[in-house]
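Numbers given in our numbering equal positions in the sequence shown, counted from 1, plus 45. Below you'll find the structure, written out as structure tokens, and then a few comments.
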Amino acid sequence: MSRNFYFFILISMNYRYLFLALFMATSVSIGLQTAAACQDIRFPNGKSFCFDIHKLSTERFEAKVSSSQINSADLSCKLTLPNANSIVLPGCEGIFNYAGADGKVTLRADSGDYWYEFISNYDFRNGHFGVSPSAPSPDTNNAYSPELVSVSTERPQKDQWIDVILRIRKNGNYANYSGKVKFRVEEYINGARRSPESSTYELERTEYYFSSYESYEKRLDRFLKFKKEGQFRLYLELENGNSTSRDFSVYVPSSDALATYSPEWLNVSDSSPDQYEAVDLSLRIKKENTISHYQGGVDFRVEQYKNGRRETASYYDYTLDKTHYYFSSSEQGEVKFKNFITFKVDGEFRVIAQLRGSNTASATQSFSVRRSGVLATYSPEWFNVSDSSPDQYEAVDLSLRVKRENTSSHYQGGVDFRVEQYKNGRRETASYYDYTLDKTHYYFSSSEQGEVRFKNFITFKVDGDFRIIAQLRGFSSASATQSFSVRRNAPSQPSPRYRAESFSIARLYPTFPREYERIDITIKALDRYGNKVNDYQGRIQFLVEEYRSGGWRSANSSDYQLAYFTRDFSRSDYGEKTFDDVIRFVRIGTFRIKVIDQDRNGLYATREITVQHSSSPRWQQDRSGYLYFTNKELGKIRAVSHLRNDVIASLERDYPRLRRDSYRKNLSDNFYAAMQDILRDNTYARFKNRQEFYTGFQEWFSYTIRTR
């Protein structure tokens with residue numbers, strides 16, 4: 046399993062605003078594709094500014110900033126010219142002289158805890174970035190060229206992960222690109238460059254396909270690391286042959302050198318926090334008790350005092366913003382972490398920072414976490430309910446407010462939701478078949494001030510008396526209830542479900558699958574005239590049959606593997622939906638796939654399918670029924686599984702489109718279920734090895750970003 050997927054999950058909440066900014070910029074601005082006058086500088090926290098160099102006279106130039114989201118007092122830059130001279134630019138602006146040739150310029154921008162490095166060619170003769178307008182225009186295919194605009198370090202330690210940002214230019218301007226970028230590594234040995242042994246480095250991938258939604262830029266975190274000391278070079282090459290490269294000087298820090306460094310925690314916002322209270326703290330690396338310029342890595346771990354001894358804390362009991370950090374030279378060995386850790390249970394904990402490569406250089410910060418008795422002062426309430434007596438399949442909007450002693454609050458904790466139904470003379474947990482809930486939990490951010498509006502939050506599929514309960518996480522008595530009396534749809538306005546008279550299995554892909562090859566199924570809901578019912582909503586069930594004893598009968602469950610037994614159609618599917626990777630067969634033969642409305646046995650469709658033999662070693666491996674994951678890989682999958690709900694809740698909160706996209710929900714649920722199957726060592730697990738798992742992760746992550 047690629048090591049970058051876990052890091053992607055951990056930072057997805059921090060970088061969601063950067064992804065959104067990139068998406069919005071490419072969809073509303075034409076200038077990005079047609080001009081290179083202004084260079085977009087974006088920090089990891091999502092803030093950005095536009096940088097340009099104006100030519101004032103033959104040898105006089107001015108650095109200018111525009112469209113800035115950052116106070117100039119918090120911004121500083123260093124501009125390195127083609128002759129290697131460097132110019133310090135307070136606020137990233139200033140006038141300078143230069144009489145040399147055209148060439149590469151490097152801008153190092155710093156803002157608070159964040160930095161960004163921009164590298165590009167500058168035409169000093171004509172005064173603009175990129176190639177000269179007088180240069181002959183290349184043909185369309187050769188016009189694209191790669192640019193490695195930033196790397197986290199050019200002098201990494203052995204086994205230190207390197208992050209890179211690459212961009213695509215066309216005729217000198219940044220431009221959308223849909224194509225492949227190839228990566229390769231060379232090592233400088235005995236006066237010559239040659240391909241290194243695969244054991245000396247780790248490359249997250251050897252090629253990458255740009256998608257249209259990514260525009261011209263791609264950030265690849267934890268992309269490359271070297272496992273030995275030496276001189277290396279990373280090459281990026283497009284399909285047209287245009288390429289670029291970056292050199293790396295890898296070193297191994299001596300234990301003696303590390304022994305002179307010592308980390309320490311300082312400026313802890315609260316060493317006795319409440320449950321779910323985010324804690325800020327700073328980390329300083331000193332060298333012989335003085336300020337250092339430490340540029341190495343630091344690893345973090347959390348321990349808990351439990352059962353009379355200290356042990357590794359459970360992932361369920363805390364949320365850690367990052368598990369490691371690499372210092373840059375500009376930080377001078379000191380960094381501030383905002384919202385670094387949140388504890389979910391009370392007790393005694395400690396966070397340990399340990400210098401990478403050293404067993405002795407570490408720092409410990411202890412915390413005594415208090416049970417959230419303060420939650421007793423918080424109370425949730427529902428309000429602004431769009432309809433407390435909705436019809437079946439009518440989406441209901443409502444708002445939730447968390448007050449503190451009957452006044453507005455800044456509650457930042459979690460809330461869990463559950464649905465109950467009055468049935469058979471008593472209240473009981475409602476069946477999942479009877480309603481659709483947009484989310485089962487939610488985390489408030491400080492900016493919401495304890496109040497949030499949920500659009501299309503719940504839909505009831507049957508009539509009756511229901512209620513939805515919101516309960517503050519960690520405190521059983523702080524809850525709010527909203528009741529609903531759901532009305533049956535009037536006969537004159539039948540439910541869209543009942544306007545559908547039949548199903549059609551419009552497509553199976555592949556049409557002639559091989560053993561263990563996953564199959565996609567496209568289903569249409571049709572009325573009595575064969576027209577598509579665009580607003581059909583219902584739950585369908587997948588069945589598999591085989592022909593024996595003179596008729597079609599249920600197939601043996603050992604002959605096939607279903608990814609899921611039921612799935613929902615929503616209004617947004619417009620009566621047609623493709624379900625990916627629904628089934629795969631473990632033996633050859635002729636089978637029949639049947640899809641049926643779970644509430645209407647007469648609403649169904651069938652289609653025969655012939656499964657062919659496969660001699661591929663991959664299928665033979667899968668057929669053995671074993672999972673191929675190391676303990677380390679299983680540990681990472683377990684960590685991703687723990688974090689998944691928090692990440693999804695945060696993304697859905699900030700991006701309403703994700704809440705409304707049923708395919709994304711199904712994809713996310715299926716991916717989560719696949720992780721659980723792996724952790725349970727289920728031989729029917731969808732992913733059998735790390736490559737299959739990473740492919741599934743990329744599918745979920747890419748679709749989520751595209752939808753957002």
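Quick reminder that beta carbons are idealized off the backbone N, C-alpha and C, glycines included. From a predicted model like this one, the values you see are computed outputs, not experimental measurements.
- The beta carbon of Glu356 sits closer than 7 Å to the beta carbons of Glu348 and Gln349 from its chain, once the five residues preceding and following it are set aside; these are given in chain order.
- In this structure, the alpha-carbon of Val324 lies about 35 Å from that of Phe96.
- With contacts defined by Cβ atoms closer than 8 Å, Asp391 and Gln320 form a contacting pair.
- When DSSP states are grouped into helix, strand and coil, Glu107 belongs to the strand group.
- If you check the CB distance, Pro201 and Phe106 do not come in under 8 Å.
- Counting along the chain, the unbroken beta strand (DSSP E) around Ile568 starts and ends at Ile564 to Leu571.
- For Ser424, the uninterrupted beta strand (DSSP E) run begins and ends at Tyr423 to Phe428, by DSSP.
- In the DSSP assignment, the residues bridged to Phe462 are Ala515.
- Non-local C-beta neighbours of Thr526 in its own chain, meaning closer than 7 Å and more than five positions away in sequence, comprise Arg512 and Ile514, ordered along the chain.
- Around the beta-carbon of Val297, fewer than 16 other beta-carbon atoms lie within 10 Å, marking it exposed.
- The C-beta distance from Glu104 to Asn142 rounds to 5 Å, short enough to meet the 8 Å contact threshold.
- An exposed status is given to Lys225, since fewer than 16 other beta-carbon atoms sit within 10 Å of its beta-carbon.
- Proximity to Tyr748 across Gln736, Met720 and Arg702 peaks at Arg702, based on C-alpha coordinates.
- The beta carbon of Thr305 is closer than 8 Å to those of Lys332 and Glu333 in its chain, skipping five residues each way along the sequence.
- Contiguous alpha helix (DSSP H) elements confined to the region 597-627 do not occur, taking only those with 4 or more residues.
- Between Tyr438 and Thr504, the beta carbon gap of about 6 Å places them in contact (Cβ cut-off 8 Å).
- Annotation: Lys203 to Arg239 spans about 19 Å, alpha carbon to alpha carbon.
- In this structure, the beta-carbon distance from Phe630 to Tyr609 does not fall below 8 Å.
- When the alpha-carbon of Lys448 is set against those of Asp479, Leu517 and Val414, the nearest one is in Leu517.
- Burial of Glu232 is indicated by the presence of at least 16 other C-beta atoms within 10 angstroms of its C-beta.
- Judged by DSSP secondary structure, Ala718 falls outside any beta strand (DSSP E) and instead within the alpha helix (DSSP H) spanning Ser707 to Leu724.
- When secondary structure is reduced to three states using DSSP, Thr357 falls in the strand class.
- Non-local C-beta neighbours of Glu252 in its own chain, meaning closer than 6 Å and more than five positions away in sequence, comprise Lys225 and Lys227, ordered along the chain.
- Approximately 6 Å separates the beta-carbon atoms of Ile585 and Asp642; this is inside 8 Å, confirming the contact.
- In its chain, beyond the 5 residues on either side, Leu55, Asp344, Phe345 and Arg346 have a beta carbon closer than 8 Å to the beta carbon of Thr368.
- Pairing Val578 with Ala551 gives a Cβ-Cβ distance that is not under 8 Å.
- For the pair Pro435 and Phe529, the CB atoms are nearer than the 8 Å cut-off.
- With 16 or more neighbouring CB atoms inside 10 Å of its own CB, Arg329 falls in the buried class.
- It is roughly 15 Å from the alpha-carbon of His338 to the alpha-carbon of Arg401.
- The DSSP-derived three-state label of Val692 is helix.
- For Ser117, there is no enclosing beta strand (DSSP E), as DSSP marks it with neither H nor E.
- Shown here for Arg229: same chain residues with a beta carbon closer than 6 Å to its own, the five before and five after excluded, namely Tyr280 in chain order.
- Residue pairing by DSSP places Ser524 opposite Gln516 in a beta bridge.
- Taking C-beta separations shorter than 7 Å and ignoring five residues to either side along the sequence, the partners of Phe88 in its chain run Ser156, Tyr159 and Tyr161, following chain order.
- Closest in C-alpha terms to Trp745, from the list Met720, Leu283, Asn734 and Ala730, comes Met720.
- DSSP places His455 in the coil class of the three-state scheme, outside both helix and strand.
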